[in-house]
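Right, one structure below, let's go through it.
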Amino acid sequence: MNEDRLNKLIEDASQLDFGNNEKLPPIHQWNPELSGKIAIRIDEQGFWSHEGSSFTRKSIVNLFSKLIVFEENKYYLISPTEKWEIEVALAPFVVVDVDEVKVNSIDAIRCRTLTEQTFLVDEFHAIWLVMINDTGEKIPFVKVRDNLNAFFNRAAYYKLMQIAIDNQLEVNNELFISSMNKRYSLGAID
969 MNEDRLNKLI
979 EDASQLDFGN
989 NEKLPPIHQW
999 NPELSGKIAI
1009 RIDEQGFWSH
1019 EGSSFTRKSI
1029 VNLFSKLIVF
1039 EENKYYLISP
1049 TEKWEIEVAL
1059 APFVVVDVDE
1069 VKVNSIDAIR
1079 CRTLTEQTFL
1089 VDEFHAIWLV
1099 MINDTGEKIP
1109 FVKVRDNLNA
1119 FFNRAAYYKL
1129 MQIAIDNQLE
1139 VNNELFISSM
1149 NKRYSLGAID
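Take the position in the sequence shown, starting the count at 1, then add 968; the result is the number in the numbering used here.
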């Protein structure tokens, strides 16, 4: 039964035509009734699974990543005719790479997610720290779009830290990065 739901969602989503890989569908114009829960999970590493089995087709994950909405503290996959609640461990996106770029002679940090979305850290894609466990450990999150966020995987986080160290952006034992003329804290240095 659940497999039928997934196949229908894949079929519906695959028929959507929203242009190139960067363009998003008009999900804010869709208002289907809640269809229920579907056993899709995005885990603590940002990997997608259905009923415990990992998605093997990256194209499906990339497509579904464009159909996520966050409403009333729950995540959903949405199409024009269906709306399925899904489980998300930390955030629906994970930043897997960062690099330094120049935009009109301004230093910027460019992020790339596991689902191949790219954006600059700026006022619309701000970084902030989130406590993820009882030990007080904090990791950086970044806004991707609307009210959907990403966390940084370990490699991207270390690269972000190295950028801050290389640019000597330390103030009062706190490390920062700068992007698009704004500073963002990466936390205290022990």
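Positions of the beta carbon are idealized from the N, C-alpha and C atoms, including for glycine.
Since the structure is predicted, the reported quantities are computational estimates derived from the model, not experimental observations.
Item: Return the CA-CA distance between Phe1023 and Phe1092, expressed in angstroms with no decimal places.; Value: 30 Å
Item: Can you name the start and end residues of the beta strand (DSSP E) that Phe1144 belongs to?; Value: 1142-1147
Item: Tell me the rounded alpha-carbon separation between Met1099 and Trp998.; Value: 34 Å
Item: Whole angstroms are fine: how far does the CA of Gly1014 sit from the CA of Val1139?; Value: 32 Å
Item: Kindly indicate which three-state DSSP category Val1089 falls into: helix, strand or coil?; Value: coil
Item: Lys991: buried (16+ other C-beta within 10 angstroms of its C-beta) or exposed?; Value: exposed
Item: How long is the line joining the alpha carbons of Asn1115 and Ser1027, rounded to whole angstroms?; Value: 23 Å
Item: Answer yes or no: the CB of Glu1012 versus the heavy atoms of the ligand NAD, is any distance below 6 Å?; Value: You won't find the ligand NAD in this model; it holds no ligand whatsoever.
Item: Could you please give the first and the last residue of the uninterrupted alpha helix (DSSP H) stretch that includes Lys1026?; Value: 1026-1033
Item: What residue range does the alpha helix (DSSP H) around Ala1094 cover?; Value: Neither: Ala1094 is in no alpha helix (DSSP H) and is coded neither H nor E.
Item: Pull up the distance between the alpha-carbon of Lys1106 and that of Leu1097, whole angstroms please.; Value: 6 Å
Item: May I ask which residues mark the beginning and end of the beta strand (DSSP E) holding Lys1111?; Value: 1106-1113
Item: Tell me where the alpha helix (DSSP H) around Ala1132 begins and ends.; Value: 1122-1134
Item: Closest to Val1071 by CA distance: which of Val1110, Gly1020, Asp1090 is it?; Value: Asp1090
Item: If contacts are defined as beta-carbon pairs under 8 Å, then Ala1124 and Val1066 qualify, I think. What distance do you get, rounded to the angstrom?; Value: 5 Å
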